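Novice: Residue numbers (UniProt numbering), protein chains in the order written: chain A, 1 to 216; chain B, 1 to 216.
Please find one structure pasted underneath; my questions will follow.
There are 2 protein chains.
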Amino acid sequence: MGLTARQEKIAEMVRTLGPITGEQIAERLNVTRAALRPDLAILVMSGMVDARPKVGYFYTGKNALSMVTEQVSRIKVQDIQSVPVVVTSGTSAYDAVVTMFLEDVGSVFVVEPGGILAGVVSRKDVLKVAMGGSDLHKMPVKVLMTPMPKIVVTSPDEPVLTAAKKIIDNEVDSLPVVLLANHQGAKVYEVVGRLTKTNIARLFVELGEGRGGEQL
Amino acid sequence: MGLTARQEKIAEMVRTLGPITGEQIAERLNVTRAALRPDLAILVMSGMVDARPKVGYFYTGKNALSMVTEQVSRIKVQDIQSVPVVVTSGTSAYDAVVTMFLEDVGSVFVVEPGGILAGVVSRKDVLKVAMGGSDLHKMPVKVLMTPMPKIVVTSPDEPVLTAAKKIIDNEVDSLPVVLLANHQGAKVYEVVGRLTKTNIARLFVELGEGRGGEQL
């Protein structure tokens, strides 16, 4: 945020003495109330300090990060998602791996007709089975996928931050981006995208470089 | 950043008419110069507008994201790195995979005595070989690893942003965190950590939630 020395001093004063009025701050700094106005406005804008009528200025404990939070919370999954890579549930484990390599993705989504999510298969899942010595040609992908309803999903309008938290908390590499749909009377998920750790890392780089304005 | 309607108006005025003096802005808005002072101070603090003596206010094109950039650029790799998972170069491919599963990591680093980086093996590398039908028990990890000097590395004091960009640009899941060392007269890399997309995603979540202050 780059506060000036005087702003830092005022912030510290509000932190230790608040609630404190503008007049009291001016008096302690030996300046006029008018001279303080820009400094106080900046501290209030930064979120670090807040003001209440007839009470005065008080410290919120927030800092410039609050603004980051506000900016980031507006970015939705649909702003950064990738296209989904899918195989049908009749595919062999071997062909699912071939798809992974061709598309260079860490996991593929297994779908029923209509793009309905049935499961997720990751490199890790396949590697585990391959280590066990099974013949991947003869094994249907169904056998080794993580099936519904065990799959953690996200939706296009979910904030990226919430989705990223799901990725971290559930220790997965990606989430299917889905829409809730009605299929023969049952509630199902239609796969419309893929949110990966790469999408998150790329967004981090863009935001950190001051780009990413198109999402904000 | 949450600018007020008047601040937005001033910013737009500076963008289209700048450089423009405070007096000129005041005149156009039909307010006193003093009344404008807090608004102009906030716009300058935000980095969106800058002022030069005897010239006036001009538009920088920056926005609140510039502040994010400044905050994020201070975070170093060592602030968020994980411990490295290593195997020695004599290990079989099979045992390297077992280590991957035991430690639940997507890649392991292959080291020579003294923790000197020799290569990196990922799930993808192993899966490719396993698909080919090779016996992983008989294959040394050396055969399938990405060897030095083809490995992209980072160091503890590199900004996370630079390291994250390396991960994205080189399409890898992790980077060995290394120190440059002298080994029998040759310059080598000593492995001291591991930076993954998970580390980046976790940092993103922490920053987005307004935490992560300990790194800033």
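Beta carbons are placed, not taken as given, at the ideal position from N, Cα and C, and that holds for glycine.
Since the structure is predicted, the reported quantities are computational estimates derived from the model, not experimental observations.
1. Check P147(B) in the structure and name its three-state DSSP category.
2. Pick out the complete alpha helix (DSSP H) segments inside the UniProt domain "CBS" (80-136) of chain B, 4 residues or longer, and give them in chain order.
3. Does any C-beta atom of chain D lie closer than 7 Å to the C-beta of M131(A)?
4. Using a Cβ cut-off of 7 Å (strictly closer), state whether G56(B) contacts chain A.
5. Can you give me the Cβ contacts of G193(A) inside the same chain, cut-off strictly under 6 Å, excluding the 5 residues immediately before and after it?
6. Could you tell me whether the region 86-98 of chain B touches the region 136-143 of chain B, where touching means 3 or more Cβ pairs closer than 8 Å?
7. So if I threshold CB-CB distances at 9 Å, which residues from the region 22-42 of chain A count as touching chain B?
8. What does V143(A) touch in chain B if you count any residue whose Cβ is under 7 Å from its own?
9. For R6(A), go through chain B and note every residue whose CB falls closer than 8 Å to its CB, in chain order.
10. Excluding the five sequence neighbours on either side, which residues of its own chain have a C-beta within less than 6 Å of the C-beta of Q215(B), listed in chain order?
11. Would you mind reading off the limits of the beta strand (DSSP E) that contains L17(B)?
12. Going by alpha carbons, who is nearest to T162(B) out of D169(A), F204(A), D125(A)?
13. Counting beta carbon pairs with one atom in the region 17-37 of chain B and one in the region 15-31 of chain A, are three or more of them shorter than 8 Å?
14. DSSP on K54(A), reduced to helix/strand/coil?
15. In the DSSP assignment, what residue or residues form a beta bridge with L175(B)?
16. For the alpha helix (DSSP H) that contains T162(B), what are its first and last residues?
17. Classify R123(A): buried if its beta carbon has 16 or more other beta carbons within 10 angstroms, exposed otherwise.
18. Within this structure, are the beta carbons of I42(B) and I42(A) separated by less than 7 Å?
19. Classify G119(A) as buried or exposed, calling it buried when 16 or more other Cβ atoms lie within 10 Å of its own Cβ.
20. Check distances from the C-beta atoms of the region 134-162 of chain A to those of chain B and list, in chain order, the residues that come in under 7 Å.
21. Tell me the rounded alpha-carbon separation between S89(B) and M145(B).
22. Check whether chain B comes within 7 Å of R15(A), counting only Cβ atoms and requiring the distance to be less than that.
23. Between K197(B) and chain A, is there a C-beta pair that is closer than 7 Å?
24. By the criterion of Cβ-Cβ separation under 7 Å, what are the contact partners of I167(A) in chain B?
25. So that I know if they touch, is there some Cβ in chain A lying closer than 7 Å to that of F109(B)?
26. Using the beta-carbon count (16 or more within 10 Å), is G213(B) buried or exposed?
27. Shorter than 7 Å from the beta carbon of R123(B) to some beta carbon of chain A?
28. Which same chain residues end up closer than 7 Å to residue 238(A) when comparing Cβ atoms and leaving out the 5 residues on each side of it in sequence?
29. Starting from M45(B), trace the alpha helix (DSSP H) both ways and give me its first and last residue.
30. Comparing alpha-carbon positions, which option in P159(A), E209(A), L127(A), D157(A) lies nearest P159(B)?
31. Could you check where the alpha helix (DSSP H) with Q24(A) kicks off and where it finishes?
32. Across which residues does DSSP place E209(A) in a beta bridge pair?
33. If the criterion is Cβ atoms closer than 7 Å, does the pair K197(B) and D173(B) meet it?
34. Just to confirm before moving on: does the CB-CB distance between L51(A) and I167(B) stay below 7 Å?
Specialist: In this structure, then:
1. Taking the second sequence and counting its residues from 1, one reaches residue 147(B) at position 147. Residue state, collapsed to three classes: strand.
2. 93-103, 123-131
3. Included in the structure are the protein chains A and B, with no chain D among them.
4. Reading the second sequence from its first residue, position 56 is the one you call residue 56(B). It does not; no Cβ of chain A falls within 7 Å.
5. Taking the first sequence and counting its residues from 1, the one referred to as residue 193(A) is at position 193. Here the set comprises Q81, P84, V177.
6. yes
7. A34, R37, P38, D39, L40, A41, I42
8. For the purposes of this step, residue 143(A) is identified with residue 143 of the first sequence, where counting begins at 1. Per Cβ cutoff of 7 Å: no residues; V143(A) is ~17 Å from chain B at best.
9. Within the first sequence, numbered from 1, the residue matching residue 6(A) stands at position 6. Neighbours of R6(A) on chain B: none; closest Cβ ~12 Å, over 8 Å.
10. Position 215 of the second sequence, counted from the start, is the residue given in the question as residue 215(B). Below a pLDDT of 50, predicted positions are generally treated as unreliable, and Q215(B), at 42, falls in that range; no measurement from the model is reported.
11. Position 17 of the second sequence, counted from the first residue, corresponds to residue 17(B). Element bounds for L17(B): not the beta strand (DSSP E) but the alpha helix (DSSP H), 5-17.
12. Your numbering for residue 162(B) matches position 162 in the second sequence. When each option's Cα is compared against that of T162(B), the closest is F204(A).
13. At 8 Å Cβ cutoff, the stretches do not touch.
14. As a working note, residue 54(A) is residue 54 in the first sequence. Reduced to three states, the DSSP call for K54(A) is coil.
15. Reading the second sequence from its first residue, position 175 is the one you call residue 175(B). L195(B).
16. Along the second sequence, read from residue 1 onward, the residue named residue 162(B) stands at position 162. Looking at the DSSP string, the run of the alpha helix (DSSP H) that includes T162(B) is 160-169.
17. Numbered from 1 along the first sequence, position 123 holds the residue referred to as residue 123(A). Answer is buried; the Cβ neighbour count reaches 16.
18. Against the second sequence, residue 42(B) aligns to sequence position 42. Against the first sequence, residue 42(A) aligns to sequence position 42. Yes, the pair counts as a contact, with Cβ atoms nearer than the cut-off.
19. Along the first sequence, read from residue 1 onward, the residue named residue 119(A) stands at position 119. Buried, by the Cβ-count rule.
20. Within the region 134-162 of chain A, those residues whose Cβ lies closer than 7 Å to any Cβ of chain B are, in chain order, L161.
21. The residue you call residue 89(B) lines up with position 89 of the second sequence. The residue you call residue 145(B) lines up with position 145 of the second sequence. Rounded to whole angstroms, S89(B) to M145(B) spans 10 Å at the Cα level.
22. By 1-based counting over the first sequence, the position of residue 15(A) is 15. So no, R15(A) is outside the interface.
23. By 1-based counting over the second sequence, the position of residue 197(B) is 197. Yes - at least one Cβ of chain A is within 7 Å of the one on K197(B).
24. Taking the first sequence and counting its residues from 1, one reaches residue 167(A) at position 167. Among the residues of chain B, those whose CB is under 7 Å from the CB of I167(A) are A201, following chain order.
25. Counting from 1 along the second sequence, the entry for residue 109(B) is found at position 109. False, the Cβ-Cβ gap to chain A never drops below 7 Å.
26. In the second sequence, counting from the first residue as 1, residue 213(B) sits at position 213. Residue placement at G213(B) cannot be trusted, given a pLDDT of 42 that sits under 50; what the coordinates show is reported in the next sentence. Label assigned to G213(B): exposed.
27. As a first step, residue 123(B) is located in the second sequence; it is residue number 123 there, counting from the start. For R123(B), the answer is yes, since a Cβ of chain A falls inside 7 Å of its Cβ.
28. This structure cannot settle anything about residue 238(A), because the visible part of chain A is limited to 1 through 216.
29. Locating residue 45(B) in the second sequence gives position 45, where the first residue counts as 1. M45(B) -> alpha helix (DSSP H) spans 33-45.
30. As a working note, residue 159(B) is residue 159 in the second sequence. When only C-alpha atoms are compared, the closest one is E209(A).
31. Counted from its first residue, the first sequence places residue 24(A) at position 24. Taken as a continuous stretch (DSSP letters only), the alpha helix (DSSP H) holding Q24(A) covers 22-29.
32. Numbered from 1 along the first sequence, position 209 holds the residue referred to as residue 209(A). BP columns for E209(A) are empty, so no partner.
33. On the second sequence, position 197 is the one that residue 197(B) refers to. On the second sequence, position 173 is the one that residue 173(B) refers to. Closer than 7 Å, so yes.
34. Sequence index remark: in the first sequence, residue 51(A) carries index 51 (1-based). Sequence index remark: in the second sequence, residue 167(B) carries index 167 (1-based). Residue 51(A) is actually Ala in this sequence, not Leu. A51(A) is not a Cβ neighbour of I167(B), given a cutoff of 7 Å.
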